[in-house]
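Please read the structure below before turning to the comments.
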Amino acid sequence: MSVRERNGSAWLLPNDGTRTNHGLIERMRRYDDDDEVDIAIVGCGAGGAVLAQRLARKGWKVVAFDAGPHWDPDRDWVSDEAGSSHLYWTEPRVIAGSDPVPLGSNNSGRGVGGSTVHYAGYTPRFHPSDFATYSRDGVGCDWPISYEDLKPYYEQIEAELPVAGESWPWGDPHRYPHSPHPANAQGDLFRRGALALGIETKMGPVAITNGRFGNRPHCIYRGFCLQGCKVNSKGSTLITHVPDALAHGAEVRADSMVTRITLDAQGRATGVVYHRNGIERHQRAAVVAVAGYSIETPRLLLNSACSAFPDGLCNDFGFVGRHLMVQGAPQVGGRFSEEVRVYKAPPPEMSSEDFYETDPSKPYRRGFSIQTVAPLPNTWAEHVAAEGHWGVVLREYMRDYVHWIVLGALCEFLPHAHNTVTLADEKDRRGMPVARFSYSQGVNDRALVDASTAKMRAILEAAGAEETLVIDRYAHLVGGCRMARSERGGVVDHTLRSFAIPNLYITDGSVLPTQGSANPALTIMALAARAADLMAGPRR
Amino acid sequence: MRLPWRRGEQPSGPTPGGHVRFPGYDVLGQAPTWDAVTAGVVLARLVPRPACTFFTESEEAAARALADRFLAQDREPKVPVVEVIDERLAHKDFDGWRYEDMPPDDEAWRASLSALDDEARSRSGKPFAELPGDEQDGILADVQDAQTWHGMDASHVWNLWSRYILPAFYSHPWAWNEIGFGGPAYPRGYKNRGVGILEPWEKPEAHPRDPVPWGQWIESVKRERPRR
């Protein structure tokens, strides 16, 4: 079946230079709160939107809730950093631990499309080794599925986004549906340095059309991928899965914050409590799928505590909100005497996964990947200031902005039981307790940050950088409701159904037992597509 | 306002304090190529800002002095920074997180500004805003070096200041003129990408200078200066 036959999203978008099919939203099927829909999906990002599209195609009555708006890229997004904070989850949250992880702009989404709206667009697959890190390397934990179980779904999603990149030599070698984009200044210099050191680099993999795809145009290389793609070139689920879901009868209920999952006396989910326009409502549903990502999903389960589940839904064994993971994402800037002007290209361009796998000669297990990142001025200023510069020195570094390229690593930080999401005493404006995220690194984690930082510095110096500047930071969130073989090991089984409540699913990044050194979006989408396949056939 | 340019050159756009690194460059010359929504958001940064409503008068004075020293904004034209921060705090337009040991950002700002005044009074008997610049710098350098400062984790205070002051400054088109940034780029995009390649409207810089050795020298001189 062609991509268009199984997911018509790209052809449902307008081709007149505007970016939103308003008719599709106006004519969208709408359910009453009292209708028992087949599934209520909480969160319409990477996991939720894919699940909604797949189940709508199967004939399920679907309502996908999102706390934020149903975006129109023309009207709602700007080609500007500071003007894009509305794309992030900026409601209050508390961070703690010995290495607290800032939230908001870097690792959370709000609105239909979720964080795929402002992710860079890197969509690498996990490696086969990621599914068995404990048996292979004695660290992390094994997944209840293997790479082969997910592979067909990787292929499906890569075709639907679609992903552009060179033939991929790492992990399970594979090709991409769109040919690679051309390298720009940062890619050229990354490759120059890597070649000198015998390190392999490849363009991509990025969910950015190279050529027209349906009614989505070619990338215009404007550099604002992280601010929402106004071009409709970078694939977010807002344009890759929501249009097809709507065309097949799904309702996307935006601006609706789900605060509780309701249960009946038999311990089955009966629907969700949500807030819309300041009013609390209840939607009945035969099945509930939570896809609110690693902070909001545990928060919702914990806040839904009731007499049958006094410690929170599905939390009898204490796995809800546990084993949260971030990736260590140090960046190294390199100064070149030529002007490089990294703002003139998509930040995601080129990757190396040469250091992804465990190297037995090293004192640490697992590894890291290296990618181009291309910060815009506000982000670069944050980096310069984080190195301790302010006043005249800060200004002088910033005047030199056009000379710097930046490489970023993604280090596989291991799951630790002490890294948790819990409920804080503080409440949000609805009266719902806010999430408290506590994070502390382990010894292996720190070793990976040091190793990847040294490697990036070496690459930049080999490319001719005169100066380097190191930035310590994090990226991505996964875990918090891990997938496992039994309820003694996690919250959901390999079909993403919770062990504790037979009609409650979790279909987002929180189910990942480990995270590899890959950006997680593609894997989250593939897992949601697989879960949809394994759910029962048409319900009517 | 006098714009600095030389005979035969296109006038440079305004820059904070008149620092011209990219002669003849004015990002606002590209405004006609921006989409209307982006232009609305960016050009609004150029119009006069309403007076502060969140900060009290003494907090405003301390915040202005802090932002000026943090950004070395020592002469006109100045990018309005405190007004932007005040508006964010008034609307509780925060970043989506706080450290567990810090109050919400609006309260944290008040606490940090009042601590600046307390510190200045204990040293010189005057509020922070009324100290000479080098004494203000000395207090800030001590915050940067401290573990705890006036009962707060000093690094969390520094982080709070940075993440409000920096984006207020570097999202202003005058700052983009100073650093040669191309600004909004939709629907125009870029065609001349790559090392050393410019769009027809971009301007090369006049006097490149590696900031690292110079910055190390400045910072070492500042550190050697005796401080309390």
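For the record, the sequence lines run as chains A and B. Residue numbers for the first sequence follow the numbering used here, beginning at 31 and rising by one. Residue numbers for the second sequence follow the numbering used here, beginning at 83 and rising by one. Glycine is no exception: its CB is placed at the ideal position from the N, C-alpha and C atoms.
Going along the region 355-380 of chain A in order, which residues come within less than 7 Å of chain B, judged by CB to CB distance? Going along the region 355-380 of chain A in chain order, one finds R365, E368, E369, V370, Y373, K374 and A375 with a Cβ nearer than 7 Å to chain B.
Going by CA-CA distance only, name the one from D389/A, P212/A, R371/A and M486/A that's closest to L227/A. Here the closest residue by C-alpha is M486/A.
Can you list the residues of chain A that I221/B reaches, using a CB-CB cut of under 9 Å? Ordered by position in chain A, no residue passes the 9 Å Cβ test against I221/B, which lies about 13 Å from the chain.
Spatially closest choice to Y386/A from G78/A, W107/A and R155/A, by CA coordinates: Relative to the Cα of Y386/A, the nearest Cα in the group G78/A, W107/A and R155/A belongs to R155/A.
Give the straight-line distance between the Cα atoms of H211/A and A150/A, rounded to the nearest whole angstrom. Linking H211/A to A150/A through their CA atoms gives a straight-line distance of about 15 Å.
Taking a Cβ distance cut-off of 8 Å, strictly less, list which residues of the region 326-354 of chain A are near chain B, in chain order. Against chain B - using a Cβ distance shorter than 8 Å - the region 326-354 of chain A contributes no residues.
Does any CB atom of chain A fall closer than 8 Å to the CB of L110/B? In terms of beta-carbon proximity, L110/B stays away from the interface with chain A, with every pair separated by 8 Å or more.
Does DSSP put V414/A in a helix, in a strand, or in coil? Three-state result, V414/A: helix.
I want to know whether the region 548-557 of chain A touches the region 220-230 of chain B - three or more CB-CB distances under 8 Å. No, the region 548-557 of chain A does not touch the region 220-230 of chain B.
Which same chain residues end up closer than 6 Å to R123/A when comparing Cβ atoms and leaving out the 5 residues on each side of it in sequence? Non-local beta-carbon contacts of R123/A in its own chain, meaning distances under 6 Å to residues more than five positions away in sequence, involve L133, V464 and A465 in chain order.
Would H204/A and G546/A be called neighbours here (beta carbons separated by less than 8 Å)? It is not a contact, given that the beta carbons lie outside the stated cut-off.
For M513/A, which beta-bridge partners are listed by DSSP? According to DSSP, M513/A bridges with V522/A.
Taking 8 Å as the threshold (C-beta atoms), are L552/A and F220/A in contact? Contact flag unset, no.
Within the same chain, show all residues whose beta-carbon is closer than 6 Å to that of R205/B, passing over the 5 residues directly before and after it, in chain order. No residues qualify anywhere along the chain.
Straight-line Cα distance separating R252/A from P376/A: Looking at the backbone, the Cα of P376/A and that of R252/A are separated by about 7 Å.
Got a sec: which bits of the region 412-425 of chain A sit with their beta carbon under 8 Å from any beta carbon on chain B, in order along the chain? Cβ contacts with chain B come from E412, A415, A416, G418, H419, W420, G421, V422, V423, L424 and R425.
Straight-line gap, M83/B to S253/B (C-alpha atoms, nearest Å): Reliability of the predicted coordinates at M83/B is poor, the pLDDT of 44 falling under 50, and the value obtained from them is presented with this limitation in mind. Each residue's alpha carbon lies about 21 Å from the other.
Where DSSP assigns a beta bridge to Y535/A, which residues make up the other side? Looking at the DSSP assignment, Y535/A forms a beta bridge with A319/A and R527/A.
So what does DSSP say about M565/A, is it helix, strand or coil? Coil.
Would F243/A pass as an interface residue toward chain B - the criterion being a Cβ-Cβ separation below 8 Å? No, no contact with chain B.
May I have a chain-ordered list of the alpha helix (DSSP H) segments no shorter than 4 residues that lie completely inside the region 131-177 of chain B? Whole alpha helix (DSSP H) segments, 4+ residues: 139-153 and 164-172.
S237/B lies in the alpha helix (DSSP H); which residues open and close that run? Residues A236 to Y252.
If we ignore side chains and look at the alpha-carbon of each, how far apart do P378/A and V72/A end up? Straight-line Cα distance between these residues: approximately 29 Å.
Would L219/A count as contacting chain B if we go by Cβ distances under 8 Å? Yes, because at least one Cβ of chain B sits closer than 8 Å to the Cβ of L219/A.
Which same chain residues end up closer than 6 Å to H446/A when comparing Cβ atoms and leaving out the 5 residues on each side of it in sequence? Correct list, in chain order: G472.
What residue range is occupied by the uninterrupted alpha helix (DSSP H) comprising K304/B? Where K304/B is concerned, the enclosing alpha helix (DSSP H) starts and stops at P293 to E306.
Given a threshold of 16 other Cβ atoms within 10 Å of its Cβ, counted over all protein chains shown, does G217/A qualify as buried or as exposed? The residue in question, G217/A, is buried, as its Cβ has 16 or more Cβ neighbours within 10 Å.
Spatial neighbours of W107/A within its chain, please: CB distance less than 6 Å, with the 5 preceding and 5 following residues excluded, ordered by chain position. Result list for W107/A: G258 and K260, in chain order.
Among P98/B, R245/B, P214/B and H232/B, nearest to S115/A - alpha-carbon criterion: Checked all of P98/B, R245/B, P214/B and H232/B; the closest Cα to S115/A is R245/B.
So which residues on chain B does Y149/A lean against when the C-beta distance must stay under 9 Å? Residues of chain B passing the Cβ test: none, with the nearest at roughly 16 Å.
Identify every run of the alpha helix (DSSP H) within the region 273-352 of chain A, keeping only runs that are complete inside it and at least 4 residues long; order them along the chain. Those alpha helix (DSSP H) runs which fall completely within the region 273-352 of chain A and span 4+ residues are 323-333.
Does any residue of chain B bring its CB to less than 8 Å from the CB of A112/A? Taking Cβ atoms only, chain B reaches closer than 8 Å to A112/A, which makes this a yes.
Between the CA atoms of N307/A and P96/B - distance to the nearest angstrom: Each residue's CA atom was taken as its position, placing P96/B and N307/A some 44 Å apart.
I want to know whether the region 259-279 of chain B touches the region 110-125 of chain B - three or more CB-CB distances under 8 Å. Short answer: they touch.
Please check the pair A211/B and A144/B, which I expect to be a contact at CB under 8 Å, by giving their CB distance rounded to whole angstroms. Sure, about 5 Å apart at Cβ, within 8 Å.
Simplified DSSP assignment, three categories, for T498/A: For T498/A, the three-state secondary structure derived from DSSP is strand.
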